[in-house]
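These notes concern the structure reproduced below.
Chains as they are written, first to last, in the numbering used here: chain A, 702 to 1170; chain B, 702 to 1170.
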């Protein structure tokens, strides 16, 4: 069957995203977006950046000497990458240093467990403590327990994190880590253990912060690896009392000042309007933070490098923000929001890469209604990368959450996180876990998003109108 | 086309393994072999055994308190399994205790490595030592180096073990572990590091013994994980001197006495003739020794349990031998060979399971020529398990190697070891790495082999005639 060309073209204009694009972006901008996509896909995704960061700096826990080295490294790296302006913004936060932790069964048999203290856990007395274990299925079961069951014991919360592509299984599971010690302390426990909030059966404990209530006694808390949690469950199943030795040496520091490190590509037409890309520079202390979040640092830097290699500057400015102290409480994100809270109409759009190095499969956005067609048009240019249109809501990533009360418009480029929680917050988060091909797909997506967002004829609606949406 | 039944039968008799079986084994013995195969395949492969061993005992390094507990556990377990006789045979050996090890880069940056001291490594002075690293591609390159290159330094041998189904890639790679420190010491090194002899990119160091020459100074030696070895190579590649801090606290013990634990199914016709199944009871100190070699303990115990569940005892006797102190020098195997060296004509056949829990894919044997058709006939009954006929040579497994000088006939049931060296000698060797279905396939193969070997009308030729073959 022959279809007249003119009819088909009209159909396409009416019924495909090309219609939106044609209205929104001029052909030159679209052509550049496609060139950026191809060029970034053929590149290394910024692998050189994450390789250098994880090699020269390695683990870079917020508030350590390595944090300071990482800040200097990042400043030099952004300058070398050719940003028009590179600067630091101070971030002050409390932090926590791990010395060591030991968790071992002492009855009915002696066996050492693979454990990591949770961030902000107090230390034990030197030599540690020994107590019987009481096991709970999850935080709700602990909440429901009587003080009698818990008092003087070490609480063990055994809930297991399931695997998921979008990471949605993290939230329900991580409550045990965030709140377990606090609830256990309230009921008189002397210590808290959790099954690691992670999906691997490799014998790595997953650390992460616990919340603490300064008005209340805090108790030492640690995570044990999945195989050790299985073992503890089997030992509990023998029907004899199980007693553990728990020793933690750690220190909470009231105040340390680090820096968000920022680079700007200055816009050619509306330099005061900014598209903000984020990643965080700090990592946990145990791995080299390749996936969390060296990959994000690489991806957004590479996206910006691709744009800086163009013959022209974008209309709006682009900021690359390498946030400080994300892991221990989003302190870089909080400081950034606070520093720029009077200027949020100009921060057009925020998007952080902080979910490893898996390929991006969808784009979601929280933008003004009139800007949603722009997101659809951008998605059409991301489609060849395998990226679908997602939801009309987004968080922007952890470090942009503190900006939500100021109405920052945000985009999520959803990464496949199926294996992310195999490595997250473990000593096994190392460079070899990154596939440069996936990194390049990420960089290509960020380059396209960032370029088109900077060229968009429509603003994204940041400001009071977006608060609470 | 119609073929007369009689002709077809003759063809089968002449040209298929059925011919050999029909000549060698009577129909009742073959029927029982097939029942054993089906029954063991439907069973748990002895998973209860390895679960109990790894839970109640856990790591059981030769010469530790846990070794003694494991011996008591094994004796009770074999008695409960219903062996006709259970006994201990003493094994005396030197051993080695790990206290701790620390390996960290101190220049050009400070980073801690994931490391395990090698078995029989001497300790450093308290506080350890600091020295510059000199890197070699492999043991040959170190051998070829001048003393000037090595003197006063920490030698790092970077060769990487490749993955293989049959484990043949282990031998070439492990020379760095066995001999690296000795060669380095001879050239004046102060310490030796190796890339772990393992195939995983997870951040686990693989321990194992190093050889030492008592006539020569021994130096502290450790393995670092594959990701750490990658990191060290990258740091060396920066072109600045790399200095490491190496501290090991460990102790070599001159003499400890443990026990081989043996169980007998007493033969009905020729009880003095013995089919010997082996596995080793000890493990390294870091994991729970589920794959190495709790799985072997489970597999041979389950094979024997299947045979003990028959209405009749086999013609020959069957011994299950749980060897002591394999990991630190085949001491159980040496003691067994020495204790029985005057009786090797009666030890019909030896076969040890000590390569994890992967499915068996081939059978090889070192037997007298006249017994080879028996091996072929046995393989025909293993064929439905996916087991091919292998080579006319075999080692019998590590603990039967010391019996080779006495002419023990041996069989290898080759397991798929593709992932074995991901876990071997690491803290990640835990129960969850065992697939009960594969364990059952192994137990089925050992049950068929053991039953038919015990019923074989032909002896396997152990004794002087097999020495040196």
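Where a beta carbon is used, it is the ideal one built from N, C-alpha and C, also for glycine.
All figures in this text were calculated on a predicted structure; none of them were measured in a lab.
Boundaries of the alpha helix (DSSP H) in which residue i is found, first to last residue
i, result
"residue 740 (chain B)", "728-743"
"residue 1024 (chain A)", "Taken as a continuous stretch (DSSP letters only), residue 1024 (chain A) belongs to no alpha helix (DSSP H), being part of the beta strand (DSSP E) at 1017-1024."
"residue 1080 (chain B)", "1073-1083"
"residue 1010 (chain A)", "From DSSP, residue 1010 (chain A) is part of no alpha helix (DSSP H); its letter is neither H nor E."
Counted within 10 angstroms of its Cβ, other Cβ atoms place residue i as buried (16 or more) or exposed
i, result
"residue 1054 (chain B)", "buried"
"residue 961 (chain B)", "buried"
"residue 1162 (chain A)", "buried"
"residue 1153 (chain A)", "buried"
"residue 1000 (chain B)", "buried"
"residue 825 (chain B)", "buried"
"residue 847 (chain B)", "exposed"
"residue 998 (chain A)", "buried"
"residue 1029 (chain A)", "buried"
"residue 969 (chain B)", "exposed"
"residue 1155 (chain B)", "buried"
"residue 735 (chain A)", "exposed"
"residue 834 (chain A)", "buried"
"residue 799 (chain A)", "buried"
"residue 743 (chain B)", "exposed"
Contact set for residue i: own chain, Cβ-Cβ below 6 Å, skip 5 residues either direction
i, result
"residue 1164 (chain B)", "1045, 1046 and 1108"
"residue 852 (chain B)", "889"
"residue 932 (chain B)", "none"
"residue 803 (chain A)", "948"
"residue 1157 (chain B)", "1075"
"residue 882 (chain B)", "893, 911, 920 and 922"
Beta-carbon proximity list for residue i, same chain, < 7 Å, skipping 5 on both sides
i, result
"residue 722 (chain A)", "Unreliable positioning characterises residue 722 (chain A) in this predicted model, as indicated by a pLDDT of 49, which lies under 50. The coordinate reading is nonetheless provided below. Once the five neighbours on either side are set aside, the close Cβ partners of residue 722 (chain A) are 731, 1078 and 1081."
"residue 926 (chain B)", "815, 897, 904, 905 and 906"
"residue 879 (chain B)", "911 and 912"
"residue 821 (chain A)", "797, 910, 911, 913 and 953"
"residue 776 (chain B)", "787, 789 and 962"
"residue 758 (chain A)", "767, 770, 771 and 774"
"residue 885 (chain A)", "843, 851, 856, 893 and 920"
"residue 866 (chain B)", "1117, 1118 and 1119"
"residue 795 (chain B)", "953, 954, 955 and 956"
Whole-angstrom C-beta distance between residue j and residue i, which should lie under 8 Å
i, j, result
"residue 992 (chain B)", "residue 748 (chain B)", "Incorrect: roughly 13 Å between the Cβ atoms, too far for contact."
"residue 1049 (chain B)", "residue 1117 (chain B)", "Residue 1049 (chain B) to residue 1117 (chain B), Cβ: 27 Å. No contact."
"residue 1058 (chain B)", "residue 1133 (chain B)", "Their Cβ separation, rounded to whole angstroms, is 11 Å, which puts residue 1058 (chain B) and residue 1133 (chain B) out of contact at 8 Å."
"residue 818 (chain A)", "residue 951 (chain A)", "6 Å"
"residue 988 (chain B)", "residue 1128 (chain B)", "5 Å"
"residue 1034 (chain B)", "residue 1102 (chain B)", "6 Å"
"residue 756 (chain A)", "residue 945 (chain B)", "In fact, because the Cβ distance is near 15 Å, the residues do not count as touching under 8 Å."
"residue 1208 (chain A)", "residue 965 (chain A)", "Any property of residue 1208 (chain A) remains undetermined from this structure, which presents chain A solely from 702 to 1170."
"residue 854 (chain B)", "residue 891 (chain B)", "7 Å"
"residue 895 (chain A)", "residue 877 (chain A)", "5 Å"
Residue interval of the beta strand (DSSP E) (run including residue i)
i, result
"residue 1112 (chain B)", "1111-1116"
"residue 1067 (chain B)", "1061-1067"
"residue 856 (chain B)", "855-858"
"residue 917 (chain B)", "Taken as a continuous stretch (DSSP letters only), residue 917 (chain B) belongs to no beta strand (DSSP E), as it is neither H nor E."
"residue 1042 (chain A)", "Unbroken run through residue 1042 (chain A): none, as it is neither H nor E."
"residue 830 (chain A)", "830-837"
"residue 797 (chain B)", "786-808"
"residue 980 (chain B)", "971-981"
"residue 964 (chain B)", "944-966"
Own chain partners of residue i with C-beta closer than 8 Å, once the 5 adjacent residues on each side are dropped
i, result
"residue 781 (chain A)", "none"
Contact between the stretch 1031-1039 of chain A and the stretch 807-820 of chain A (3+ Cβ pairs under 8 Å):
Result no; under three Cβ-Cβ pairs closer than 8 Å.
Just checking, does the stretch 761-768 of chain A make contact with the stretch 1005-1015 of chain A on the three C-beta pairs under 8 Å criterion?
Cβ pair count under 8 Å is below three, so no.
The stretch 726-740 of chain B touching the stretch 908-924 of chain B, judged by at least three CB pairs closer than 8 Å
No, the stretch 726-740 of chain B is not in contact with the stretch 908-924 of chain B.
Within the chosen definition, does the stretch 992-1006 of chain A reach the stretch 1129-1148 of chain A through at least 3 CB pairs nearer than 8 Å?
The stretch 992-1006 of chain A vs the stretch 1129-1148 of chain A: in contact.
Segment contact, 8 Å Cβ cut-off, at least three pairs: the stretch 856-864 of chain A with the stretch 828-847 of chain A
The stretch 856-864 of chain A makes contact with the stretch 828-847 of chain A, as at least three CB pairs between them are under 8 Å.
For the stretch 860-872 of chain A and the stretch 1115-1132 of chain A, state whether three or more C-beta atom pairs, one from each stretch, are separated by less than 8 Å.
Yes: at least three Cβ pairs fall under 8 Å.
Just checking, does the stretch 1093-1102 of chain A make contact with the stretch 1055-1065 of chain A on the three C-beta pairs under 8 Å criterion?
Segments in contact, yes.
When you compare the stretch 1023-1034 of chain A with the stretch 973-984 of chain A, are there three or more beta-carbon pairs, one atom per stretch, that lie closer than 8 Å?
Taking 8 Å as the limit for Cβ pairs, the verdict is that the stretch 973-984 of chain A does touch the stretch 1023-1034 of chain A.
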